[in-house]
Ligand SMILES: Nc1ncnc2c1ncn2[C@@H]1O[C@H](COP(=O)(O)OP(=O)(O)OP(=O)(O)O)[C@@H](O)[C@H]1O
Ligand SMILES: [Mg+2]
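Residue numbers (this note's numbering): 44 to 677.
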């Protein structure tokens with residue numbers, strides 16, 4: 044993870060860039076709104092000063108009246124403009140929020156899979172979420188933070204104008220401190236009075252930021268624990284685990300620790316903040332006090348008119364007010380900037396779909412050969428090999444079974460095949476071209492996969508099978524028949540339209556784990572991809588159902604290439620080719636018969652299971668399954 048930026052300016056710029064990327068007009072409009080809002084008090088002061096000067100100069104009545112007329116007109120225009128600017132700025136803030144939301148969601152959908160899973164992505168995402176959730180998030184930062192910051196910049200511009208006027212106002216030679224006011228040192232003193240508090244301010248804010256950054260990291264971590272806790276507890280499926288293992292105590296204890304650590308840090312950070320924001324505040328007040336003294340002396344010495352004194356004091360007062368307003372909330376703004384800057388980290392993560400552009404040749408003959416060439420793989424943030432030196436060719440039309448103990452690398456092999464991760468060493472090719480070179484979406488369209496931990500949507504059965512709102516009803520039924528859930532779905536009150544679970548619809552129904560798996564298998568079948576992969580999608584199925592489904596699936600996919608993974612070795616013994624994995628390595632390769640003929644892991648695993656599973660049973664299941672397959676094929 045990139046170290047959080049302790050440089051205040053860079054952090055504000057990072058957030059400004061995030062805003063400008065989604066709406067380039069938002070910040071200029073906010074600036075214009077700040078200018079219009081601040082212009083009214085400045086105009087009032089300028090008018091009073093001008094009036095005093097005009098009276099002292101004995102202006103004629105018509106000239107005085109036109110001064111008043113000009114003031115009232117300008118005031119009317121500025122007041123109306125300020126109201127309009129505020130409304131326009133609010134509209135753009137709304138737009139920025141909407142676009143950021145949309146951009147965040149689409150980023151989550153397109154982010155590369157390893158990044159999606161990585162701890163740094165979770166941290167950036169948590170930062171973004173917290174930034175948008177706390178104290179009004181981006182809305183508040185734009186309408187208060189940036190608004191106040193722009194006001195300071197504008198007020199500083201007016202303050203510079205005051206300085207220029209003051210250093211040009213020479214006093215009488217006999218006046219008090221005339222040497223100071225008329226000499227070359229006065230402008231330098233003015234600049235010094237401006238710069239010293241700025242330096243003190245920058246120093247204080249910098250120190251505060253170091254504390255702030257540490258605090259934010261801690262809070263994000265605590266918050267991740269809390270987000271995990273609340274979504275875990277919310278999930279209906281976690282109910283049994285929590286209740287039966289009294290996991291509430293575990294969860295609450297971990298939660299309490301995280302909250303305490305986060306709170307301790309928060310107060311430490313806040314106290315540090317208070318301490319550091321007080322210092323620049325005092326410095327600004329001292330500056331203004333000294334300035335008033337100087338202006339008073341300068342006026343007494345005849346260096347500046349009484350009207351100018353009024354304007355100078357008024358403008359500096361305004362400047363002090365805007366600076367105070369900004370500084371008193373700077374901790375709060377910086378806090379939001381700290382979180383919101385994670386948007387740039389988050390949006391900068393690489394998109395999966397950006398890589399590869401070769402189209403996948405659309406072959407009617409389904410001639411696809413996939414080859415792993417000396418592939419080794421470590422998961423991100425892990426230093427053990429999940430796969431080591433795997434060389435394997437998947438021939439067209441082949442039925443490949445992958446077996447091996449838990450953790451031997453079977454699922455990892457499929458993840459790499461699906462391009463969800465890239466090999467750490469070696470290459471995977473499709474028809475002799477590195478799979479990375481193909482357009483990702485096109486490449487993945489070749490694969491129909493049911494993962495071990497498959498997921499269903501809370502949408503209708505048909506939408507689950509088709510993974511789309513548009514579906515071919517006849518094919519959905521066919522897929523359900525292959526997966527052996529057709530009758531169950533036909534008996535549901537709303538048939539294919541029945542939503543799964545009541546998460547989105549009160550008429551939804553709950554189904555068993557095995558039925559859910561069957562629907563996931565139907566989805567892979569429906570996709571009609573040339574390569575189908577079942578990564579033990581049948582763990583919740585009884586052995587007879589599993590055997591029947593595998594056989595039926597196999598009979599019906601015709602010339603397609605298929606990879607079957609199962610711990611029930613009787614289900615995969617029919618495969619033309621069986622590869623055995625152990626500790627990430629491919630240790631055996633053959634048919635059931637050749638592998639059984641020699642001593643080795645396959646024979647040991649098979650015999651261990653066979654004790655519970657007789658040849659007779661297998662024969663009966665085979666007969667049932669092929670009869671069922673014949674019925675569907677007809
Ligand atoms: N996301 C991950 N991050 C880090 N390590 C992982 C991850 N997923 C799996 N592993 C590790 O990689 C190794 C291979 O895991 P894999 O899931 O491929 O095994 P498997 O053969 O599919 O096991 P099973 O039969 O239990 O499904 C294991 O040591 C596992 O702990
Ligand atoms: Mg697995």
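Here a beta-carbon is modelled for each residue, glycine too, at the ideal position from N, C-alpha and C.
Computed from a predicted model, the values in this text were never measured in an experiment.
**Q.** Length of the line joining the Cα atoms of residue 274 and residue 267
**A.** In the chain shown, the residue the question calls residue 274 occupies position 231. In the chain shown, the residue the question calls residue 267 occupies position 224. Going by the C-alpha atoms only, they are around 11 Å apart.
Q) Between residue 600 and residue 426, what straight-line distance do the alpha-carbon atoms span, to the nearest angstrom? A) Taking the chain shown and counting its residues from 1, one reaches residue 600 at position 557. Taking the chain shown and counting its residues from 1, one reaches residue 426 at position 383. Computed Cα separation, rounded: 39 Å.
**Q.** Residues of its chain near residue 315, where Cβ-Cβ distance is below 7 Å and the 5 sequence neighbours each way are ignored
**A.** If you number the chain shown from 1, residue 315 lands on position 272. So the qualifying residues of the chain are 251, 254.
Q.
Just to confirm my understanding: we take residue 615, look at its own chain, exclude 5 residues before and 5 after, and list those with CB closer than 7 Å. What are they?
A. By one-based count along the chain shown, residue 615 stands at place 572. Cβ neighbours of residue 615 beyond the five flanking positions: 444, 446, 607, 609, 621.
**Q.** ligand 2 heavy atom lying under 7 Å from the CB of residue 160
**A.** The count along the chain shown starts at 1 and reaches residue 160 at position 117. No, Cβ of residue 160 sits at least 7 Å from all heavy atoms of ligand 2.
Q. Contact between the segment 322 to 336 and the segment 175 to 192: three or more CB pairs below 8 Å?
A. The segment 322 to 336 is not in contact with the segment 175 to 192.
Q | Contiguous alpha helix (DSSP H) assignments of at least 4 residues, all confined to the segment 183 to 265 | A | Qualifying alpha helix (DSSP H) stretches, in chain order: 190 to 211, 221 to 225.
Q) Under three-state DSSP, which class holds residue 540? A) Residue numbering aside, residue 540 sits at position 497 when the chain shown is read from its first letter. Here residue 540 sits in helix by DSSP.
Q) Do you know how far the Cα of residue 112 is from the Cα of residue 151? A) Your numbering for residue 151 matches position 108 in the chain shown. Your numbering for residue 112 matches position 69 in the chain shown. Going by the C-alpha atoms only, they are around 58 Å apart.
Q. Does DSSP put residue 45 in a helix, in a strand, or in coil?
A. Along the chain shown, one-based indexing puts residue 45 at 2. With a pLDDT of only 47 at residue 45, under the threshold of 50, the placement of this residue in the model should not be trusted; the figure read from the coordinates follows. DSSP places residue 45 in coil when its eight states are reduced to three.
Q.
According to DSSP, simplified to helix, strand and coil, what is residue 55?
A. Working through the chain shown from its first residue, we reach residue 55 at position 12. Note: residue 55 maps to helix in three-state DSSP.
Q.
Beta-carbon within less than 8 Å of residue 216's beta-carbon, same chain only, minus the 5 sequence neighbours each way: which residues are those?
A. Here residue 216 corresponds to residue number 173 of the chain shown, with the count starting at 1. Same-chain partners within the cutoff: 225.
Q.
Using only the alpha-carbon positions, how far apart do residue 531 and residue 571 sit?
A. The sequence position of residue 531 within the chain shown is 488, counting from 1. The sequence position of residue 571 within the chain shown is 528, counting from 1. C-alpha separation (whole angstroms): 23 Å.
Q: Could you tell me whether the segment 161 to 174 touches the segment 376 to 388, where touching means 3 or more Cβ pairs closer than 8 Å?
A: Yes, the segment 161 to 174 is in contact with the segment 376 to 388.
Q.
Any heavy atom of ligand 2 closer than 7 Å to the beta-carbon of residue 453?
A. One-based indexing of the chain shown puts residue 453 at position 410. Within the cutoff, so yes.
Q. Shortest alpha-carbon distance to residue 379 belongs to which of 542, 247, 187, 550?
A. Translated into the one-based positions of the chain shown, residue 379 becomes position 336. Of the candidates 542, 247, 187, 550, the one whose C-alpha sits nearest the C-alpha of residue 379 is 187.
Q.
Shorter than 7 Å, the distance from the beta carbon of residue 560 to the closest heavy atom of ligand 1, or not?
A. Numbered from 1 along the chain shown, position 517 holds the residue referred to as residue 560. Residue 560 Cβ: outside cutoff for every heavy atom of ligand 1.
Q | 4-residue-minimum alpha helix (DSSP H) runs that sit fully inside the segment 83 to 151, ordered along the chain | A | none
Q | Among 613, 640, 547, 516, nearest to residue 651 - alpha-carbon criterion | A | On the chain shown, residue 651 is found 608 positions in, with the first residue counted as 1. Of the candidates 613, 640, 547, 516, the one whose C-alpha sits nearest the C-alpha of residue 651 is 613.
Q: Consult DSSP for residue 432 and reduce its assignment to one of helix, strand or coil.
A: Within the chain shown, residue 432 is the residue found at index 389, counting from 1. Strand.
**Q.** Cβ-based burial, residue 303 [other Cβ within 10 Å; buried from 16]
**A.** Here the question's residue 303 lines up with position 260 in the chain shown. Residue 303 is exposed by the Cβ-count criterion.
Q: Give every residue of the same chain whose Cβ lies closer than 7 Å to the Cβ of residue 45, excluding the five residues on either side of it in the sequence, and list them in chain order.
A: As a working note, residue 45 is residue 2 in the chain shown. At residue 45, the pLDDT of 47 sits below 50, so the modelled position is not reliable; the number obtained from the coordinates is stated separately. Closer than 7 Å at Cβ, skipping near neighbours: 388.
Q: Classify residue 528 as helix, strand or coil using the three-state DSSP reduction.
A: Mapped onto the chain shown, residue 528 falls at position 485. Residue 528: coil per DSSP, three-state reduction.
Q | DSSP state of residue 632 mapped onto helix, strand, coil | A | Translated into positions along the chain shown, residue 632 becomes position 589. Residue 632 falls in the strand class under three-state DSSP.
(Q) Cutting at 6 Å between CB atoms, please list the residues of its own chain near residue 548, excluding the five before and the five after it. (A) The residue you call residue 548 lines up with position 505 of the chain shown. Same-chain partners within the cutoff: 542.
Q.
Which same chain residues end up closer than 8 Å to residue 366 when comparing Cβ atoms and leaving out the 5 residues on each side of it in sequence?
A. To locate residue 366, count along the chain shown from 1; it is residue 323. The residues are 195, 198, 327.
Q. Would you say residue 628 touches ligand 2, meaning its beta carbon is less than 7 Å from a heavy atom?
A. As a position in the chain shown, residue 628 is number 585, starting the count at 1. No, ligand 2 has no heavy atom inside 7 Å of this Cβ.
Q.
Could you give the first and the last residue of the continuous beta strand (DSSP E) run that contains residue 444?
A. Position 401 of the chain shown holds residue 444. Its beta strand (DSSP E) spans residues 442 to 446.
Q | Cutoff 6 Å; reference residue 645; Cβ partners in own chain excluding five residues on either side | A | As a first step, residue 645 must be located in the chain shown, where it is residue number 602. Cβ neighbours of residue 645 beyond the five flanking positions: 623, 631, 638.
**Q.** Sequence-distant residues of its chain with Cβ nearer than 8 Å to residue 117 (five each side left out)
**A.** Taking the first residue of the chain shown as position 1, residue 117 is located at position 74. Result list for residue 117: 86, in chain order.
Q) Hey, quick one: how far does the beta strand (DSSP E) through residue 387 stretch, first residue to last? A) If you number the chain shown from 1, residue 387 lands on position 344. Unbroken run through residue 387 is the alpha helix (DSSP H), 385 to 391; no beta strand (DSSP E).
Q: Would you kindly check if the distance between the Cβ of residue 573 and the Cβ of residue 482 is under 8 Å?
A: On the chain shown, position 439 is the one that residue 482 refers to. On the chain shown, position 530 is the one that residue 573 refers to. For the pair residue 482 and residue 573, the CB atoms are not nearer than the 8 Å cut-off.
Q.
Taking 7 Å as the cut-off, is the beta-carbon of residue 579 closer than that to any non-hydrogen atom of ligand 2?
A. One-based indexing of the chain shown puts residue 579 at position 536. Yes.
**Q.** C-beta contact flag for residue 508 and residue 519 at 8 Å
**A.** Residue 508 sits at position 465 when you count from the first residue of the chain shown. Residue 519 sits at position 476 when you count from the first residue of the chain shown. Yes. Within cutoff.
Q) Can you check whether the CB of residue 70 is closer than 8 Å to the CB of residue 76? A) Sequence index remark: in the chain shown, residue 76 carries index 33 (1-based). Sequence index remark: in the chain shown, residue 70 carries index 27 (1-based). It is not a contact, given that the beta carbons lie outside the stated cut-off.
Q) Regarding residue 619 and ligand 2, is the C-beta to nearest heavy atom distance less than 7 Å? A) Residue 619 sits at position 576 when you count from the first residue of the chain shown. Flag unset: Cβ of residue 619 not near ligand 2.
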